[in-house]
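With the sequence shown counted from 1, adding 56 to any position gets you our numbering.
Ideal Cβ placement from N, Cα and C applies to all residues, glycine included.
Bear in mind that the values here come from a model prediction, so they are computed numbers and not experimental data.
To start, the structure itself, in structure tokens.
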Amino acid sequence: MAPDGTLTPDLAETLPGRGVWIAAARDALAAPGLAKAAARSVRKRVSVPDGLADTVERLLAERCRATLGLARRAGLVDAGFDKVRAAIAAGGATLMLTARDSAGRDSRELARRAAAGRRRVRTGAALDSAELGAALGRERLVHVAVADGPLADRLYRDLQRLAGVRGTDVSDGTTETADAGSGKVEEAAHDAAQGR
């Protein structure tokens, strides 16, 4: 929160002063009673800037793209269906990203492989294909795998928050409901259960 009482996103959790924790969900960030609830928490007048939910969404997407770019430069990223499939099969991937605007059979196949692999693979579909591509210097990408390490952990945490704001899902790899694109979670889980 800024000194004047304006709610200010602190995604890196590094700003000085007293903070207010708000759920990473669009309805929480846009709630009519947010200012009143925050004011009760900090015992002072709080103002909520217009478009707070949109600002948080934009900042989280930028943060995810930046972390993915760092992971690429560190040699921890595989991109494209064949490379991601190979990384999952070899046990080298601990995080798989699928473009949220993808609803194809390839995405469902990778989600099944990630859920059934020998190593737990967390999955997420919070970024769209243009955002994934921009993070890795391409026009568009649908499938990306990230190897284990602090960058994968940071990216997964930010993907969880972005998914909450965008209304998509992520999976920690312990269930077969691996995300295969926006609106396709249930379909992927059903197909996996049916062996398709």
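Could you tell me the alpha carbon to alpha carbon distance between residue i and residue j, rounded to whole angstroms?
i, j, result
"A84", "I78", "7 Å"
"V112", "T64", "9 Å"
"V76", "A145", "42 Å"
"D214", "V98", "25 Å"
"F137", "G125", "19 Å"
"L90", "A109", "12 Å"
"L73", "R119", "The question names Leu, but residue 73 is Gly in the sequence shown. C-alpha separation (whole angstroms): 22 Å."
"T230", "G147", "With a pLDDT of only 49 at T230, under the threshold of 50, the placement of this residue in the model should not be trusted; the figure read from the coordinates follows. Those two C-alpha atoms are separated by around 15 Å."
"T224", "D60", "34 Å"
"A201", "R82", "27 Å"
"S103", "A186", "34 Å"
"V221", "G107", "13 Å"
"A171", "Q216", "18 Å"
"R194", "R121", "12 Å"
"V226", "A181", "7 Å"
So residue i and residue j are supposed to be a Cβ contact under 8 Å. How far apart are they, rounded?
i, j, result
"L192", "A149", "Wrong, their Cβ atoms sit about 15 Å apart, outside the cutoff."
"T179", "M152", "5 Å"
"L183", "R164", "Going by Cβ atoms, the distance from L183 to R164 rounds to 18 Å, so no, they are not a contact pair."
"R196", "G189", "4 Å"
"L67", "A130", "Not a contact, Cβ separation roughly 21 Å."
"L116", "L211", "Not a contact, Cβ separation roughly 11 Å."
"A127", "V133", "5 Å"
What are the partner residues of residue i, as DSSP defines its beta bridges?
i, result
"D134", "A201"
"L153", "G180, V200"
"V226", "G180"
"T62", "S103"
### Message
To test your reading of the DSSP string, which unbroken alpha helix (DSSP H) runs of 4 or more residues are found completely within the stretch 83-149?
### Response
Runs found: 90-98, 108-129, 137-146.
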